[in-house]
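Protein chains in written order, with the working numbering: chain W, 64 to 599; chain U, 64 to 599.
Protein chains: 2
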Amino acid sequence: MKATMQDVPLNVSALFEHGRTVHPDSVVVHYDDTTVTERTFDAVGDDVVRLANALRDIGVGPGDVVATLCWNTPAHLAAYFAVPSIGAVLHTLNLRLHRDQLGYIVEHAGDRVIIVDSTLVDTLAAVGELGRLSGVEHVIVVGTATPRLPAAIRVHRYADLLDAASAEIEWPVVDETTAAALCYTSGTTGNPKGVAYSHRSMYLHTLQISTGSAFGFSDADRVFPIVPMFHANAWGWPHAAWVAGSDIVLGDRHLRVDHLARVITELRPTATAAVPTLWTGLDTYARENVVDYSSLRLAVSGGSPLSASLVRKLADHGVTLTQGWGMTETSPLLTFSRSEPGTSPEDAVTRQAMTGHIVPGVRARVVGDDGAELPWDGESVGEIQLRGATITGGYVGSDGADAFDDGWLRTGDLGVIARGGWIAIKDRLKDGIKSGGEWISTVELEAALSEHPDVAEVAVFGVADPKWEERPLACVVAKPGAVLDQNELVAFLSERVARWWLPERWAFLPEIPKTTVGKMDKRQLRSWHEDGTIEV
Amino acid sequence: MKATMQDVPLNVSALFEHGRTVHPDSVVVHYDDTTVTERTFDAVGDDVVRLANALRDIGVGPGDVVATLCWNTPAHLAAYFAVPSIGAVLHTLNLRLHRDQLGYIVEHAGDRVIIVDSTLVDTLAAVGELGRLSGVEHVIVVGTATPRLPAAIRVHRYADLLDAASAEIEWPVVDETTAAALCYTSGTTGNPKGVAYSHRSMYLHTLQISTGSAFGFSDADRVFPIVPMFHANAWGWPHAAWVAGSDIVLGDRHLRVDHLARVITELRPTATAAVPTLWTGLDTYARENVVDYSSLRLAVSGGSPLSASLVRKLADHGVTLTQGWGMTETSPLLTFSRSEPGTSPEDAVTRQAMTGHIVPGVRARVVGDDGAELPWDGESVGEIQLRGATITGGYVGSDGADAFDDGWLRTGDLGVIARGGWIAIKDRLKDGIKSGGEWISTVELEAALSEHPDVAEVAVFGVADPKWEERPLACVVAKPGAVLDQNELVAFLSERVARWWLPERWAFLPEIPKTTVGKMDKRQLRSWHEDGTIEV
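What follows is the structure in structure tokens.
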């Protein structure tokens with residue numbers, strides 16, 4: 064039987080028009096240094112239409128790639144909606160990438176236009192000096208800076224373009240499977256890989272994370288996405304908050320903890336999302352300064368594993384820290400760790416520090432070495448694999464076949480799934496240590512060691528062992544003034560992990576090397592171990 | 064540019080599997096008379112799989128229509144998921160229809176199988192006696208009753224079928240535009256018209272109503288859909304609650320107010336939805352009996368206009384009554400009247416009594432007599448028209464062309480849209496009174512007259528007038544023992560509506576005639592006026 068429902072595609076322009084027309088009086092608050100600017104969705108919506116027309120005026124058409132090199136600003140928010148709504152593709156450049164990688168992805172994505180913040184024109188100029196802006200025809204500067212760029216590139220001022228553009232538009236009906244936005248993964252190996260979100264996936268992701276099972280934003284919320292908008296769609300928060308009519312607080316380039324604490328205290332957001340490092344900083348800051356985190360009904364940690372000890376620390380300030388897990392490849396939200404009602408306080412902490420349980424629209428499975436699906440028993444460790452309309456099925460310009468297993472995305476993460484779809488990540492597949500046929504989790508060893516009062520940083524990786532195939536090597540950095548002792552650390556660990564997990568190999572380093580995006584560089588550590596730089 | 068996202072269809076089976084696997088320990092509570100039965104989603108999920116296999120065992124295949132003639136029961140819930148998940152079409156029969164109409168829709172939809180409650184076998188038998196079950200091959204009885212049916216129909220017991228069926232299934236991948244479910248409108252004119260929801264529309268509607276902008280269900284909720292499951296998918300609450308892992312309370316056939324008050328008091332639901340008549344009853348009952356409505360975070364009224372006075376009455380019991388507006392043609396939810404934060408208490412009452420503002424995924428416009436779109440100013444009255452993936456674009460077996468305007472569904476409702484997408488319905492288009500070129504709202508006249516302490520029922524409709532073209536005629540029913548006076552009613556009204564709205568024509572009746580589904584039958588009133596039965 065044929066259904067009778069209307070054939071209406073799921074488009075980003077529909078998300079935009081909903082927020083603009085149903086929540087015209089909600090506000091976007093831009094906090095730049097000490098200046099707070101507040102504008103209604105109505106006014107910001109006007110900018111979106113003008114930007115869309117301005118892009119058309121300089122020749123942007125369906126399928127053209129328009130990149131942003133921007134912090135969390137109203138102009139970036141306008142680009143989030145304007146670019147896909149005219150059928151073009153928004154490419155959010157990760158400004159923390161090395162200029163070589165930036166150049167690579169600008170060329171690989173075929174960026175024709177780049178919208179850049181005044182504070183980032185030098186970053187863009189550095190890419191230009193490498194000769195990697197060859198396909199770029201237009202640069203639009205938000206603010207007053209003048210970039211040094213190859214002469215062939217036409218430079219525009221954002222404000223001037225908008226002033227000259229029409230405030231009226233009829234959005235095109237875009238096939239929902241068309242690309243709407245583009246993010247590149249910051250892979251620790253090889254070149255970054257591009258994920259092209261469709262209009263359909265962005266629309267569905269917005270609804271999925273807007274459910275009561277996830278963030279459940281409404282017009283009673285004031286959403287402060289600390290997570291940068293160049294990183295995995297800022298977890299989809301700008302889209303979801305816009306559709307819900309939540310006020311949106313944008314903190315520009317300011318990620319210092321004192322600044323964030325002040326924004327939370329003064330602007331009283333109900334929801335915020337940040338990496339564990341920033342939550343650690345917000346905890347420390349609040350122990351020495353007067354802050355008010357009481358407005359937060361939703362405090363989400365993501366990007367790296369969250370420890371139970373950090374959950375407990377934030378609880379001292381009345382903040383219930385929860386965890387979201389996602390990937391660039393997955394729009395990004397996969398799981399969210401809100402505790403079920405009736406959970407005991409200590410269980411709740413454990414739950415909150417888990418990756419969380421699967422949000423509507425996502426399917427997950429755990430697959431063993433032999434390719435067979437493992438049970439959801441919370442014990443069976445295997446690779447977590449994902450399927451759904453918000454999960455990528457390939458990469459730009461490559462099918463990335465080895466990243467998929469019968470249509471399911473291989474996350475490269477080792478983990479377990481417990482009853483009720485609670486996922487706990489144990490390790491990166493490539494970092495997991497298989498000792499005597501069983502997995503040792505470097506993530507859990509690192510988390511346990513991090514709780515030692517004298518440990519500043521720790522990285523664990525597997526090294527060859529004649530008897531067990533692999534055994535863990537722990538690289539530890541002492542806090543300033545502290546002296547670490549291997550026997551004491553082993554004793555400390557032995558109360559926290561299984562006996563056979565205890566490392567026999569230890570290295571004490573002045574610091575852990577980092578990748579360009581600030582993640583621990585275990586590849587570097589491995590090569591230092593191989594060439595003898597690390598003595599054990 | 065081609066997007067890289069996975070091509071995964073939006074299927075009812077995905078909604079089912081999410082709730083079953085992510086929320087296995089949530090419960091379905093069945094309240095039948097004084098017996099409360101509680102079963103986990105895990106156990107109910109098992110029934111769904113067995114029912115799906117049982118239907119296949121008796122020969123049900125993709126596209127076959129499986130009807131239900133059921134109250135709000137676990138078996139009905141199982142059918143909600145089992146039937147569409149195997150690619151068949153669920154047809155929820157409105158058991159309140161006259162047997163002629165039931166026979167018409169059973170034949171029109173081509174029902175092959177009917178699942179019937181034991182308490183409703185006589186209703187089904189009556190349709191059989193009309194010879195209108197000719198296409199029905201199987202009847203599945205939930206419970207122990209034995210229906211008198213034509214000999215050609217095979218009769219099965221629900222419990223026996225499930226016992227014999229396998230508990231393992233692999234769901235087919237169903238094209239998302241395929242029909243998943245079928246509801247017939249209870250039109251006051253002509254034959255009922257069928258709306259066939261697609262898998263896509265049911266999936267999207269579930270997400271839409273699950274957002275924080277609408278009901279925002281989570282596993283902290285306990286959802287009690289008083290609204291019958293044969294009526295417009297019970298507003299989509301069973302699907303949304305299942306996906307969210309909310310406990311689901313099913314009240315079977317018991318719609319008496321004392322029963323409902325007891326369920327709310329004893330089972331402590333967080334959310335419930337019912338028609339204004341029942342809310343009026345719940346108010347009255349609570350004034351004379353000890354009840355506890357304090358568990359309700361969400362108390363939704365729908366199906367008929369909600370008056371501000373009823374909102375105020377429920378507020379006396381601590382219940383914040385909100386309004387949802389929907390139609391069979393629209394999945395159904397269109398608008399929801401949750402007040403924005405910072406609204407004054409009296410404004411909040413006004414808002415709560417409005418139809419509400421548009422939920423994500425729905426587009427609305429208001430169109431004047433000349434076919435031009437009117438502004439969202441809260442003043443310009445025109446027909447409300449709708450567009451979206453959860454809105455029907457036709458009717459089963461007919462394009463219903465006059466029900467559409469350039470792809471938009473014509474609701475047949477006269478209303479206004481205010482800033483922020485707040486819709487207020489003023490009248491049915493066919494009921495609206497055009498007096499001297501301006502609209503008079505019968506809905507508002509009826510609401511104002513209902514507030515008079517001696518008025519039990521009221522119906523207003525337009526009659527021809529030599530000077531103004533049309534003028535309102537008010538038909539009023541007095542409360543038992545009360546005597547109504549026309550002059551007093553006019554004086555009462557004149558403080559509440561514009562002077563030119565005041566009816567000159569009044570009729571005092573013993574009761575207002577009703578349609579088979581309990582709506583005021585204005586067609587009957589008009590004919591009584593024409594043939595002189597009503598004397599003015």
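For each residue, glycine too, the CB sits at the ideal point set by N, CA and C.
Computed from a predicted structure; not experimentally measured.
Under 8 Å between C-beta atoms, does residue i make it to chain W?
i	result
residue 455/U	yes
residue 247/U	no
residue 76/U	no
residue 350/U	no
residue 259/U	yes
residue 458/U	yes
Report yes if the CB atom of residue i is closer than 8 Å to the CB atom of residue j, and no otherwise.
i	j	result
residue 448/W	residue 418/W	no
residue 331/W	residue 358/W	yes
residue 201/W	residue 169/W	no
residue 167/W	residue 255/W	yes
residue 452/W	residue 424/W	yes
residue 152/U	residue 244/U	yes
residue 210/U	residue 179/U	yes
residue 165/U	residue 190/U	yes
residue 488/W	residue 427/W	no
residue 496/W	residue 478/W	no
residue 28/U	residue 455/W	The structure shown does not extend to residue 28/U, since chain U is modelled only from 64 through 599, so no value can be given for it.
residue 66/U	residue 264/W	yes
Take residue i as the anchor and find which of the options has the nearest alpha-carbon.
i	options	result
residue 221/U	128/U, 137/U, 484/U and 88/U	137/U
residue 303/U	396/U, 211/U and 216/U	396/U
residue 512/W	542/W, 501/W, 485/W and 530/W	542/W
residue 381/W	345/W, 398/W and 410/W	345/W
residue 248/W	548/W, 540/W, 457/W and 520/W	457/W
residue 475/U	390/U, 414/U and 371/U	390/U
residue 172/U	149/U, 569/U, 198/U and 84/U	198/U
residue 140/U	195/U, 79/U, 121/U and 575/U	79/U
residue 577/W	229/W, 521/W and 569/W	521/W
residue 608/W	405/W, 174/W and 219/W	Look at the range of chain W in this structure, 64 to 599, and you will see that residue 608/W is not part of it.
residue 133/U	74/U, 296/U, 195/U and 284/U	296/U
residue 228/U	196/U, 584/U and 113/U	113/U
What I want to know is whether the C-beta of residue i ends up closer than 7 Å to one or more non-hydrogen atoms of the ligand FAD.
i	result
residue 68/U	Among the components of this structure there are no ligands whatsoever, and the ligand FAD is therefore not found.
Could you check whether the Cβ of residue i sits closer than 8 Å to any Cβ belonging to chain U?
i	result
residue 140/W	no
residue 144/W	no
residue 73/W	yes
residue 448/W	no
residue 491/W	no
residue 332/W	no
residue 482/W	yes
residue 264/W	yes
residue 390/W	no
residue 86/W	yes
residue 423/W	yes
Between the segment 301 to 315 of chain W and the segment 334 to 342 of chain U, can you find at least three pairs of beta-carbon atoms closer than 8 Å? As far as the Cβ criterion goes, the segment 334 to 342 of chain U does not touch the segment 301 to 315 of chain W, which means the pair count is below three.
Can at least three beta-carbon pairs, one atom from the segment 286 to 302 of chain U and one from the segment 256 to 269 of chain W, be found at a separation below 8 Å? no
Inside the segment 472 to 529 of chain U only - alpha helix (DSSP H) runs reaching at least 4 residues: The qualifying runs are 505 to 513.
So does the segment 460 to 467 of chain W actually touch the segment 419 to 430 of chain W, counting three or more Cβ pairs closer than 8 Å? no
For the segment 265 to 282 of chain U against the segment 151 to 158 of chain U, do three or more pairs of beta-carbon atoms, one drawn from each stretch, fall closer than 8 Å, so that the two count as touching? No, because fewer than three Cβ pairs between the segment 265 to 282 of chain U and the segment 151 to 158 of chain U fall closer than 8 Å, the two stretches do not touch.
Quick one: complete beta strand (DSSP E) runs, 3+ long, within the segment 350 to 398 of chain U? Taking 3 residues as the minimum length, the beta strand (DSSP E) runs contained wholly in the segment 350 to 398 of chain U are 361 to 364 and 384 to 389, in order along the chain.
Minimum length 3: unbroken beta strand (DSSP E) runs contained in the segment 278 to 358 of chain U: 285 to 288, 310 to 313 and 334 to 337
I'd like the ranges of any beta strand (DSSP E) spanning at least 3 consecutive residues and lying wholly in the segment 529 to 590 of chain W. 532 to 541 and 568 to 571
Quick one: which unbroken beta strand (DSSP E) runs of 3-plus residues sit fully inside the segment 135 to 177 of chain W? Chain order, please. 152 to 155
Are three or more beta carbon pairs between the segment 545 to 555 of chain W and the segment 577 to 597 of chain W nearer than 8 Å? no
Three Cβ pairs or more, each shorter than 8 Å: is that satisfied between the segment 91 to 101 of chain W and the segment 110 to 119 of chain W? no
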